[in-house]
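*Asks:* In terms of my numbering, the sequence shown is residues 2 to 123.
Quick reminder that beta carbons are idealized off the backbone N, C-alpha and C, glycines included.
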Amino acid sequence: MIEKVNLAQKFALINEHWSPRIAGRVNDFDVKLAKLQGEFVWHHHDNEDELFLVVAGNLTIELRDQPAIRLEAGEFVIIPRGVAHRPVAETECHVLLFEPAGTLNTGSAVASEYTVVHPDTI
2 MIEKVNLAQK
12 FALINEHWSP
22 RIAGRVNDFD
32 VKLAKLQGEF
42 VWHHHDNEDE
52 LFLVVAGNLT
62 IELRDQPAIR
72 LEAGEFVIIP
82 RGVAHRPVAE
92 TECHVLLFEP
102 AGTLNTGSAV
112 ASEYTVVHPD
122 TI
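Take a look at the structure:
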């Protein structure tokens, strides 16, 4: 059965920061939702590009080799595979992530306290 997804309702189910949940799947890609606040770990993804779409609040993506990118609600950025980055949210923000299924949220920082190997589906 085809069902619509209400982002506000799905975000209301998330109580932790930096703990993505799978809200849908498009072919071999996961649509993940996460609430972010504070600084994440520096990491990169060897084989996957990663899309960050800010739904509410704002998010800064720090990059090692270029100026940081600040995203407001309604804006997105695609971080290419291999690019070291660190998301930072001064206040809570809501983010939709679009990435290949099975992508580890901490990428190269696999031993991080933020690593979620098997995200729940909401």
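#1: Who does residue 89 pair with in a DSSP beta bridge?
#2: Looking only at its chain, what residues have a beta carbon closer than 6 angstroms to the beta carbon of residue 90, apart from the 5 residues adjacent to it on each side?
#3: State the start and end residues of the unbroken alpha helix (DSSP H) segment that holds residue 8.
#4: With residue 71 as the anchor, note down where its beta strand (DSSP E) starts and where it stops.
#5: Output the distance between the C-alpha atoms of residue 75 and residue 95, rounded to the nearest integer angstrom.
#6: Mapping DSSP to helix, strand and coil, what is residue 4?
#7: Would you mind stating whether residue 43 and residue 110 have Cβ atoms separated by less than 9 angstroms?
#8: Out of 25, 17, 21, 63, which one is the CA nearest neighbour of residue 7?
#9: Does DSSP classify residue 122 as helix, strand or coil?
#10: Name the residue from 21, 41, 40 whose alpha carbon lies nearest to the alpha carbon of residue 32.
#11: Which residues share a DSSP beta bridge with residue 26?
#12: Helix or strand or just coil, what does DSSP make of residue 117?
*Replies:* Answer, in terms of the structure:
#1: Partner(s): 40, 61.
#2: Once the five neighbours on either side are set aside, the close Cβ partners of residue 90 are 37, 38, 60.
#3: Counting along the chain, the alpha helix (DSSP H) containing residue 8 begins and ends at 8-13.
#4: Under the DSSP assignment, residue 71 falls in the beta strand (DSSP E) whose first and last residues are 70-73.
#5: Approximately 11 angstroms, taken between the alpha carbons.
#6: Secondary structure of residue 4 (DSSP, three-state): coil.
#7: In this structure, residue 110 lies closer than 9 angstroms to residue 43 by Cβ.
#8: Of 25, 17, 21, 63, the residue nearest in Cα terms is 25.
#9: Looking at residue 122 - three-state DSSP - the assignment turns out to be strand.
#10: Here the closest residue by C-alpha is 21.
#11: Under the DSSP definition of a beta bridge, residue 26 partners with 31.
#12: Residue 117: coil per DSSP, three-state reduction.
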